Amino acid sequence: MKKNMVMFILTMCTVFCFAAGAAMADAAPWDSYKKPSDAEVKKLLTPLQYKITQEDGTERSFENPYYKFYTKQGIYVDLLSGAPLFSTTTQFDSGSGWPAFTEPIDPKYITLHKKFSFFGEVFEVRSKTSDSHLGDRFKDGPPPTHLRYCINSAALRFIPKDDMEKEGYGEFMYLFKDK
0 MKKNMVMFIL TMCTVFCFAA GAAMADAAPW DSYKKPSDAE VKKLLTPLQY KITQEDGTER
60 SFENPYYKFY TKQGIYVDLL SGAPLFSTTT QFDSGSGWPA FTEPIDPKYI TLHKKFSFFG
120 EVFEVRSKTS DSHLGDRFKD GPPPTHLRYC INSAALRFIP KDDMEKEGYG EFMYLFKDK
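Counting along the sequence shown from 1, when you hit position 136 you're at 135 in numbering that gives the first Met the number 0, and nothing is skipped either side.
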């Protein structure tokens with residue numbers, strides 16, 4: 000009886016360890032991201048990227064690389080953690096001079112913080128994984144969400160659809176089905 004109990008416990012431990020290991024192997028790198036020290040972040044980013052993401056800055060409108068990328072296919076990821084944030088499938092020309100989206104790829108990768116504005120209800124948008132400032136969300140976007148995520152190019156890295164598999168974002172190819 001004691002031997003059977005020991006065998007049962009060992010079997011259960013083995014199954015649990017295998018399942019936990021498999022789950023960890025399937026976890027995306029951004030899910031376990033640990034933000035480096037401020038000194039390390041400064042080394043990783045350009046001065047503009049640091050000002051935007053770490054000091055809550057705003058880049059100049061119409062003078063940034065991604066505001067017209069809505070003609071391409073791909074996704075935008077967090078500059079530091081690599082977390083998937085936005086897709087060109089929800090990007091549109093808002094006329095503001097910054098990349099604009101109707102919604103994030105998955106809301107779990109961003110946080111919203113209400114702030115005072117003369118423009119009505121505005122939320123600061125931050126990356127949940129790296130706590131980087133991304134931009135702002137307004138309630139003046141097109142249907143169906145009527146939201147406009149106005150995001151700084153300097154806070155993002157663009158990954159073309161054709162490179163998504165090799166860069167580890169294959170699970171998001173579903174965004175481009177029927178497009």
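For each residue, glycine too, the CB sits at the ideal point set by N, CA and C.
Since this is a predicted model, take the numbers as computed values, not measurements.
Bridge partners for residue i per DSSP, in chain order?
i, result
"F85", "Y75"
"P159", "G73"
"T110", "R125"
"R147", "F137"
"F91", "A99"
Can you tell me where the alpha helix (DSSP H) holding residue i begins and where it ends?
i, result
"K37", "As written in the sequence, residue 37 is Asp, which differs from the Lys given in the question. Start and end: D37 to L43."
"Y49", "P46 to Q53"
What is the DSSP secondary structure of residue i, reduced to helix, strand or coil?
i, result
"E123", "strand"
"A22", "Residue confidence for A22 is low, a pLDDT of 41 falling below 50, so the modelled location carries little weight; the figure read from the coordinates is stated next. If DSSP states are grouped into helix, strand and coil, A22 belongs with the helices."
"E116", "Here residue 116 is Ser; the residue named in the question, Glu, does not match the sequence. In the structure shown, S116 sits in coil (DSSP, three-state: anything other than H, G, I, E or B)."
"A27", "coil"
"Y66", "coil"
"S60", "coil"
"G167", "coil"
"S152", "helix"
"Y173", "helix"
Skipping 5 residues on each side, what residues in its chain have a beta carbon closer than 8 Å to that of residue i?
i, result
"S31", "none"
"S152", "E58, N63, P64, Y65, Y66, W97 and P98"
Output the boundary residues of the beta strand (DSSP E) element that contains residue i.
i, result
"F137", "H132 to F137"
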